[in-house]
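Some notes on the structure that comes next.
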Amino acid sequence: MEKNIQYVAILLAIWFIVSFGFGILFADTLNHFRIGGFKLGFWFAQQGSIIVFVILIFVYIRLMNILDAKFKTEQSSEN
Amino acid sequence: MSVQLWTGIIVGLTFLLYIVVAVLSRAGSTSEFYVAGKGVNPILNGMATAADWMSAASFISMAGLISFMGYQGAQYLMGWTGGYVLLALLLAPYLRKFGKFTVPDFIGERYYSQTARLVAAICALFVSFTYVVGQMKGVGIAFSRFLEIDFTWGVIIGVLIVFFYAVLGGMKGITYTQVAQYCVLIFAYLVPAIFISVLMVNNPIPQLGLGGTLSDGTYLLAKLDQISLDLGFQEYTISNKSKTDLFFVTAALMLGTAGLPHVIVRFFTVPKVSDARKSAGWALLFIAILYTTAPAIAAFARTNLIETVDNQEYSSLPAWFNNWEKTGLLSFEDKNNDGKIQYYNDTNPAMTPIADSKGWQGNELTVDRDIMVLANPEIAALPAWVVALVVAGGLAAALSTAAGLLLVISSSISHDILKKWLRPNISEKQELAAARIAIAVAVVIAGWAGIDPPGFVAQVVAFAFGLAAASFFPAIVLGIFSKRINMAGAVSGMITGLLFTAFYIIYFKYWGGTPDQYWFGISPEGIGTLGMLINFAVTLSISAITPAPPAHIADLVENIRTPE
Chain A
0 MEKNIQYVAI
10 LLAIWFIVSF
20 GFGILFADTL
30 NHFRIGGFKL
40 GFWFAQQGSI
50 IVFVILIFVY
60 IRLMNILDAK
70 FKTEQSSEN
Chain U
0 MSVQLWTGII
10 VGLTFLLYIV
20 VAVLSRAGST
30 SEFYVAGKGV
40 NPILNGMATA
50 ADWMSAASFI
60 SMAGLISFMG
70 YQGAQYLMGW
80 TGGYVLLALL
90 LAPYLRKFGK
100 FTVPDFIGER
110 YYSQTARLVA
120 AICALFVSFT
130 YVVGQMKGVG
140 IAFSRFLEID
150 FTWGVIIGVL
160 IVFFYAVLGG
170 MKGITYTQVA
180 QYCVLIFAYL
190 VPAIFISVLM
200 VNNPIPQLGL
210 GGTLSDGTYL
220 LAKLDQISLD
230 LGFQEYTISN
240 KSKTDLFFVT
250 AALMLGTAGL
260 PHVIVRFFTV
270 PKVSDARKSA
280 GWALLFIAIL
290 YTTAPAIAAF
300 ARTNLIETVD
310 NQEYSSLPAW
320 FNNWEKTGLL
330 SFEDKNNDGK
340 IQYYNDTNPA
350 MTPIADSKGW
360 QGNELTVDRD
370 IMVLANPEIA
380 ALPAWVVALV
390 VAGGLAAALS
400 TAAGLLLVIS
410 SSISHDILKK
420 WLRPNISEKQ
430 ELAAARIAIA
440 VAVVIAGWAG
450 IDPPGFVAQV
460 VAFAFGLAAA
470 SFFPAIVLGI
480 FSKRINMAGA
490 VSGMITGLLF
500 TAFYIIYFKY
510 WGGTPDQYWF
520 GISPEGIGTL
530 GMLINFAVTL
540 SISAITPAPP
550 AHIADLVENI
560 RTPE
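Those sequence lines, one after another, are chains A and U.
Sequential numbering of the first sequence, starting at 0, is according to numbering that gives the first Met the number 0.
Sequential numbering of the second sequence, starting at 0, is according to numbering that gives the first Met the number 0.
Here it is in structure tokens:
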């Protein structure tokens with residue numbers, strides 16, 4: 000259970016940093032950097048954050064599947 | 000073949016498809032009617048959720064909004080996607096483990112109170128109803144604009160279609176129809192975007208094309224920044240507005256997404272808890288395909304529009320311009336009678352000397368933002384069937400969202416209010432009949448309101464998110480993660496959050512509040528975030544000074560959080 004909360008906290012921290020951090024609060028600073036035709040802050044605000052959101056959920060699905068499997072083996076070894 | 004004929008054929012075929020799917024997936028029990036028998040494959044559920052989520056506004060209006068807002072449009076892009084991370088990590092799996100039918104079910108049981116259940120049911124009804132009226136209106140507009148059918152008849156056709164498959168199939172019928180609708184709408188959105196991306200920046204992937212280079216070797220976005228500045232608008236890729244407000248609006252949309260009943264209920268329809276997480280992931284992936292394409296369309300369309308019209312002879316403009324003028328979405332008024340179109344920001348004082356020296360007498364072009372998606376295929380000179388496809392896509396987006404909302408309305412009435420409160424003794428058969436009657440009545444009222452929407456409806460939709468964020472979100476999250484939160488805390492939190500947010504909105508929208516009175520510069524669209532913080536504070540402090548909830552609630556929370 001605690002492990003789950005830890006995962007959630009880390010993933011939500013990343014969620015916050017890419018969207019509210021890179022996309023809004025630090026966008027002006029990041030705009031000094033470029034990838035191709037994108038200013039970096041603008042890219043995070045309109046593309047990057049959304050892509051990171053999708054990745055975060057799939058990472059969480061994977062982590063939880065591993066945790067669930069562990070939980071099951073612990074349960075069955077207790078019985 | 001003409002655009003109109005193509006539209007008739009493609010729209011007719013998609014409607015036939017929806018009806019066939021609906022007949023094949025009829026509902027036989029309340030469980031099938033409310034939550035599709037909890038048997039939906041998570042990937043298909045992800046598709047259905049995406050179609051449910053993306054409304055006529057996402058499909059038709061969002062890219063246009065972004066093209067006029069530039070960087071600031073990020074509030075919709077991040078705001079309407081970021082909530083799925085919260086759903087997947089904090090809500091969906093736990094609510095699925097709880098295993099009932101509706102959001103008021105959870106609120107009512109977790110806070111051991113019929114009042115809490117009733118308040119939640121009324122909130123769900125209110126939010127869903129205002130939202131659904133906008134969809135019916137969207138259906139009417141799509142029909143009247145493209146098939147030259149009267150607006151009223153357009154809405155009636157939409158009502159009949161939704162009536163048929165929602166009443167017959169309940170959540171089961173709606174879900175599988177939405178899967179079909181997702182396919183139609185995403186195809187319709189991507190085809191013109193890909194064509195235009197190839198034409199403008201020679202890249203078949205619009206998401207990359209947004210950062211691509213134009214034929215003259217400059218970056219598309221750099222060019223767009225420059226021409227925007229030249230015409231007195233702000234630079235496209237940067238913001239000169241308050242970051243605080245952007246922050247709060249984005250947060251309100253995200254938190255509201257995670258609190259909207261018609262979104263949450265989707266995660267009740269899958270077989271297992273792990274499937275609820277998977278569904279959220281797939282839903283966001285399917286949504287992201289459209290949401291990362293939208294900013295590309297926005298930038299392409301903006302550049303295209305300016306380049307096509309700026310200082311051009313009116314008589315030499317391409318045919319699409321005149322076609323869209325007829326619809327009133329574009330209008331040109333030759334203020335200085337030079338026969339050319341001057342399009343610039345005439346409210347920017349820096350433009351006055353430039354305009355004076357060139358003999359301009361004000362901006363002459365008015366553009367409705369919806370045109371950015373609707374006219375895109377014509378601007379890029381794509382074939383007539385692509386135009387027809389866009390119409391079918393817009394209808395798919397509107398109908399799928401309307402159906403999902405109608406289901407929440409019907410389950411709030413037949414399950415939360417009738418079965419769980421007024422008449423606990425009715426049989427399952429009677430409850431199912433009540434659910435069908437409720438959805439039938441709701442769709443008729445929604446259609447009627449869509450034909451002649453009460454003035455408040457259009458405005459309220461935009462605030463549904465703030466209200467959901469300020470009421471449901473804290474009650475659900477705390478209900479899952481804390482055993483100590485009790486009924487008194489949750490109910491007073493919900494009521495304070497809701498009232499605070501509603502009054503702020505009403506004050507600035509109806510009672511003559513002006514923007515310079517905004518608290519911390521937060522606009523009414525973003526106030527839900529502050530309402531949510533207040534809700535959290537009230538819930539936590541009231542719970543701390545009142546007795547802990549009964550023992551069976553602690554067991555309930557424990558059970559929700561134990562893996563299957």
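Ideal Cβ placement from N, Cα and C applies to all residues, glycine included.
The C-beta of Leu39(A) comes no closer than 8 Å to any C-beta of chain U.
Residue contact check for Leu29(A) against chain U: no CB pair falls below 8 Å. In the three-state reduction of the DSSP assignment, Phe37(A) falls in the strand class, which pools E and B. For the segment 69-82 of chain U, the residues whose beta carbon sits under 8 Å from a beta carbon of chain A are, in order, Tyr70, Gly72, Ala73, Leu76, Met77, Thr80 and Gly81. Secondary structure note for Phe320(U): its alpha helix (DSSP H) is the uninterrupted segment Ala318 to Thr326. With a beta-carbon spacing of about 17 Å, Tyr218(U) and Gly47(A) fall beyond the 8 Å limit used to define contacts.
The segment 107-122 of chain U makes contact with the segment 461-474 of chain U, as at least three CB pairs between them are under 8 Å.
Secondary structure note for Val366(U): its beta strand (DSSP E) is the uninterrupted segment Leu364 to Val366.
Bounds of the beta strand (DSSP E) holding Leu329(U) are Leu329 to Phe331. Lys357(U) carries a helical assignment under DSSP once its states are collapsed to helix, strand and coil. Chain-ordered, the chain A residues with CB closer than 9 Å to the CB of Lys242(U) read Ile23, Leu24, Ala26 and Asp27. Annotation for Lys419(U): no alpha helix (DSSP H) segment contains it, and DSSP assigns it neither H nor E.
When secondary structure is reduced to three states using DSSP, Tyr111(U) falls in the coil class, being assigned neither helix nor strand. For Pro260(U), the enclosing alpha helix (DSSP H) begins and ends at Pro260 to Ile263. Within the segment 228-274 of chain U, the complete alpha helix (DSSP H) segments at least 4 residues long are 242-256 and 260-263, listed from N- to C-terminus.
Among the residues facing chain A, Ile425(U) is not included, as its CB has no counterpart in that chain under 8 Å away. No residue range can be given for Glu147(U), since it is assigned to no alpha helix (DSSP H) and is classified by DSSP as neither H nor E. Bridge pairing for Thr212(U): Tyr218(U) [DSSP]. Ranked by Cα distance from Ala349(U), the first of Ala536(U), Val34(U), Phe105(U) and Asp229(U) is Asp229(U).
Secondary structure note for Phe97(U): its alpha helix (DSSP H) is the uninterrupted segment Ala91 to Phe97. DSSP places Lys482(U) in the coil class of the three-state scheme, outside both helix and strand.
Under the three-state reduction of DSSP, Glu563(U) is assigned to coil, being neither helix nor strand.
Within the same chain, Cβ atoms closer than 7 Å to the Cβ of Ala441(U) are found at Leu405, Ile408 and Ser409, the five residues on either side in sequence being excluded. Phe32(A) counts as exposed, since fewer than 16 other C-beta atoms from the protein chains shown sit within 10 angstroms of its C-beta.
Annotated as proximal: Val7(A) and Leu88(U), with beta-carbon spacing under 8 Å. At a Cβ-Cβ threshold of 8 Å, Leu388(U) and Ala192(U) do not count as neighbours.
In this chain, the alpha helix (DSSP H) harbouring Leu398(U) covers Ala383 to Ser410. Rounded to whole angstroms, the separation of the alpha carbons of Gly361(U) and Phe15(A) is 43 Å. DSSP lists Lys339(U) as the beta-bridge partner residues of Glu312(U). The beta-carbon separation of Pro41(U) and Asp67(A), rounded to 15 Å, does not stay under the 8 Å limit for a contact. By the Cβ criterion, the segment 390-401 of chain U is in contact with the segment 7-19 of chain U, since at least three pairs of Cβ atoms, one from each stretch, lie closer than 8 Å.
Between Ile226(U) and Ala250(U), the alpha-carbon positions lie close to 31 Å from each other. DSSP places Ile42(U) in the helix class (H, G or I) of the three-state scheme. Look at Ile60(A): its C-beta is under 8 Å from a C-beta on chain U. Rounded to the nearest angstrom, the gap between the Cα atoms of Asp224(U) and Met486(U) is 53 Å. In the DSSP annotation of this structure, the continuous segment of the alpha helix (DSSP H) that includes Gly63(U) starts and ends at Met61 to Met68.
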